[in-house]
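J.: One structure, as structure tokens, below. Some questions next.
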Amino acid sequence: MSARRNATLFGPSMVKPHALRPQLFSGNDPEARAQLSATSTSSHKLRARSLATSSHPFPSTSTSSPSSTSSRFAPRRPSSSRTFLSLATGLVLGSALALTLPRPRLLSLIFPNPTPLPHAADSEEGRLETQRIEKELQALPIVKQLREAQVPAAQGYANPLIAQDVFPTHVETSPTGIADRAPPRDSSLAPKYRESRPYAAANAGPHSLSGFTLRGPSKFAIPPLAFTSKDNKEAVFLMHLGRGLCGHEGVVHGGLLATVLDESLAWTALQLLPSNIGVTATLSLSYKKPTFADQFVVIRTEFVRQEGRKVWVKGQIEDLEGMVLVQAEALFVEPKMAKFLSSSSVREHLK
0 MSARRNATLF GPSMVKPHAL RPQLFSGNDP EARAQLSATS TSSHKLRARS
50 LATSSHPFPS TSTSSPSSTS SRFAPRRPSS SRTFLSLATG LVLGSALALT
100 LPRPRLLSLI FPNPTPLPHA ADSEEGRLET QRIEKELQAL PIVKQLREAQ
150 VPAAQGYANP LIAQDVFPTH VETSPTGIAD RAPPRDSSLA PKYRESRPYA
200 AANAGPHSLS GFTLRGPSKF AIPPLAFTSK DNKEAVFLMH LGRGLCGHEG
250 VVHGGLLATV LDESLAWTAL QLLPSNIGVT ATLSLSYKKP TFADQFVVIR
300 TEFVRQEGRK VWVKGQIEDL EGMVLVQAEA LFVEPKMAKF LSSSSVREHL
350 K
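Taking numbering that gives the first Met the number 0, I'd label the letters of the sequence shown as residues 0 to 350.
Here's what the structure looks like:
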């Protein structure tokens, strides 16, 4: 009775199994059998827990910490001298590439290269620069295409001329820079264009903006190369624009481009007027893209219509890839007093 009271007060876990075993198995008491089963289960749990604790002790509290372990395998920081050497090498290589590789157009607008002072036209450097640009002009693929363009014989030139090197190096030409071109082999075809070099044959004089004032290295280094159709209703010009013709650094001045288009359109319009004399009545321009300096451009002009003394023409400036830079439309009018004016200089210029 005392054993059962102790089990009631302290619970089954506090009673030893061997103390209950004789009394429990002496009879068929279900309550005692349940207490014995619970006591055995608790005993097994305690024994298993003690075994687990002995086989897996608590982690050692040694002086080594995770921070010291991670610091042992941490990468070493580069020295300051090595960092400085890497930065200096990258700066030198980047500067060299920026000076040698072609620059993006947008970068040229934001950070343009400074324009050097132009060479004198009569200096050795000026002559070499002029000859270099002339050779580059003659080697352009579009020049070859225009020279090889053919049309039916009735619409072309029977014996056209070819405008060769104005500053001859290995090609013998006439003083005007014009040389004979061999006729095509097919007699049913003829060259579509005749070639000429405006301002190359005659001295334009100090009053001429395009033929005198703006001529020279870094400006109009060489005269333009003109291709004109037989009916004078179409013309193609190739021109080099130097770095001394800019407004913003590296970008050709818009007023200069207007002058180029005005004279190119006049080339087509004046040849259709009876006296070859005309003045610009209207000139409308539309600037599409910035025109960068130190490049060749293509100017195309085309006849639109004619009413008596009035001729309408249109044209555009392109780069060598065909991108339109400027578009223009113009009206040229022959003055009423044109018959009293001398047109010999104009006709000489239009040859």
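Quick reminder that beta carbons are idealized off the backbone N, C-alpha and C, glycines included.
1) Please determine if the region 276 to 288 and the region 327 to 343 are in contact, where contact requires at least 3 C-beta pairs separated by less than 8 angstroms.
2) Is the CB-CB distance between Glu233 and Pro111 below 8 angstroms?
3) In chain order, what residues of the same chain have a beta carbon less than 7 angstroms from the beta carbon of Leu145, not counting five sequence neighbours either side?
4) For the structure I just gave you, are there three or more beta carbon pairs, one from the region 263 to 272 and one from the region 202 to 217, closer than 8 angstroms?
5) Out of Pro197, Ala157 and Leu136, state which residue places its alpha-carbon closest to the alpha-carbon of Pro190.
6) Put Glu320 into one of helix, strand or coil per three-state DSSP.
7) Assign His206 to one of two classes, buried (16 or more other C-beta atoms within 10 Å of its C-beta) or exposed (fewer than that).
8) Based on Cα-Cα distance, which residue from Ser80, Ala337, Gln154 and Glu123 lies nearest to Asp230?
9) Does the separation of the CB atoms of Leu260 and His252 fall below 8 angstroms?
10) Quick one: measure Cβ to Cβ for Ile276 and Pro334, integer angstroms, because I've assumed they're closer than 8 angstroms.
11) Could you round the C-beta distance between Leu92 and Leu237 to whole angstroms and report it? I think they count as a contact, below 8 angstroms.
12) Do Leu340 and Gln294 have their beta-carbon atoms positioned less than 8 angstroms apart in this structure?
13) What's the C-alpha gap between Ile316 and Val303?
14) Going by DSSP in three states, Ser285 sits in which element: helix, strand or coil?
15) Give the DSSP-derived three-state secondary structure of Ser209 in the structure shown.
16) Can you name the start and end residues of the beta strand (DSSP E) that Ser195 belongs to?
17) Terminal residues of the continuous alpha helix (DSSP H) containing Thr129?
18) Since Thr364 sits in a beta bridge, which residues does DSSP pair it with?
19) Is Arg308 helix, strand or coil by DSSP?
20) Can you check DSSP and say which residues form a bridge with Arg214?
21) Buried or exposed for Ala292, going by 16 or more other Cβ atoms inside 10 Å?
22) Could you tell me the distance, in whole angstroms, from the CA atom of Leu272 to the CA atom of Lys313?
23) Alpha carbons only, please: which of Val297, Val332 and Leu224 is nearest the one belonging to Met322?
T.: On the basis of the supplied data:
1) yes
2) no
3) Tyr192, Phe226 and Val235
4) no
5) Ala157
6) coil
7) exposed
8) Gln154
9) no
10) 7 angstroms
11) Contact flag wrong, Cβ pair sits at about 37 angstroms.
12) no
13) 17 angstroms
14) strand
15) helix
16) Tyr192 to Ser195
17) Glu123 to Gln137
18) Outside the modelled stretch of the chain, which goes from 0 to 350, sits residue 364, for which no answer is possible.
19) coil
20) Phe219
21) buried
22) 16 angstroms
23) Val297
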